[in-house]
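Chemist: Right, I'll just put the structure down here and ask away after.
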Amino acid sequence: MGTPPIQVKLLKDNILLASDIGTVYSRWNETATYTCFANNSLGTDSRNFQVTLLDCETPCSYSSSIGFWGAENNCDCSNKSKAFDFEFLKCIPTTTSNLNLSSNNIVDLHVGIFSNLTNLRHL
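Residues in the sequence shown are numbered consecutively from 645, following my numbering.
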């Protein structure tokens, strides 16, 4: 992607994790600061970002896919038999784009409960 094509590299502690043209994918396995480099014949740019992994037990299942809008992170919390505890929402990745809470007999939601889910497109 990009004209001219953009070379993208993802590093952790100066160790190359992924490199490709346009988009790179990687699984995070530890809390750390990561660096993304992008360059082509027009220039170079880089950004550092912190990834924090939480050790959480949630009643949800997770999956990822490549869809029309790009990478999508799906969280399915439907049909849970025990009482629904919204405390687990702090453990849902902020990059979640699709969140399924169907068939949970939810009566009330607190204002701003989904405010940290900045990529949420479907609820």
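Quick reminder that beta carbons are idealized off the backbone N, C-alpha and C, glycines included. Values in this document were obtained by computation on a predicted structure and should not be read as measured data.
Between the Cα of N749 and the Cα atoms of C721, N684, E701, which residue gives the shortest distance?
Modeler: Residue numbering aside, residue 749 sits at position 105 when the sequence shown is read from its first letter. Looking at the Cα atoms, C721 is the closest of the given residues.
Chemist: Buried or exposed: which applies to C700, given that a residue is buried once 16 or more other Cβ atoms fall within 10 Å of its Cβ?
Modeler: Within the sequence shown, residue 700 is the residue found at index 56, counting from 1. Exposed: under 16 other Cβ atoms inside 10 Å.
Chemist: Please state whether DSSP places L686 in a helix, a strand or coil.
Modeler: For the purposes of this step, residue 686 is taken as the residue at position 42 of the sequence shown. Correct three-state label for L686: coil.
Chemist: Hey, could you find the ends of the beta strand (DSSP E) S747 is sitting in?
Modeler: Residue numbering aside, residue 747 sits at position 103 when the sequence shown is read from its first letter. Unbroken run through S747: none, as it is neither H nor E.
Chemist: So, do the stretch 680-690 and the stretch 647-665 have three or more beta carbon pairs nearer to each other than 8 Å?
Modeler: yes
Chemist: Report the partner residues of L654 according to the DSSP bridge assignment.
Modeler: Your numbering for residue 654 matches position 10 in the sequence shown. According to DSSP, L654 bridges with A662, C680.
Chemist: What does the alpha-carbon distance come out to for the pair L745 and L767?
Modeler: Here residue 745 refers to the residue found at position 101 of the sequence shown. Here residue 767 refers to the residue found at position 123 of the sequence shown. Roughly 7 Å separates the two Cα atoms.
Chemist: So N692 packs on T675, CB below 8 Å; how close in whole Å?
Modeler: Position 48 of the sequence shown, counted from the first residue, corresponds to residue 692. Position 31 of the sequence shown, counted from the first residue, corresponds to residue 675. Not a contact, Cβ separation roughly 14 Å.
Chemist: Contact check, N718 vs S707 under 8 Å by CB: the rounded distance?
Modeler: Counted from its first residue, the sequence shown places residue 718 at position 74. Counted from its first residue, the sequence shown places residue 707 at position 63. At roughly 5 Å, the Cβ-Cβ gap stays under 8 Å, so N718 and S707 are in contact.
Chemist: So what does DSSP say about C735, is it helix, strand or coil?
Modeler: Taking the first residue of the sequence shown as position 1, residue 735 is located at position 91. Three-state result, C735: helix.
Chemist: Are S663 and T679 close, meaning C-beta to C-beta below 9 Å?
Modeler: Residue numbering aside, residue 663 sits at position 19 when the sequence shown is read from its first letter. Residue numbering aside, residue 679 sits at position 35 when the sequence shown is read from its first letter. No, they are not a contact pair.
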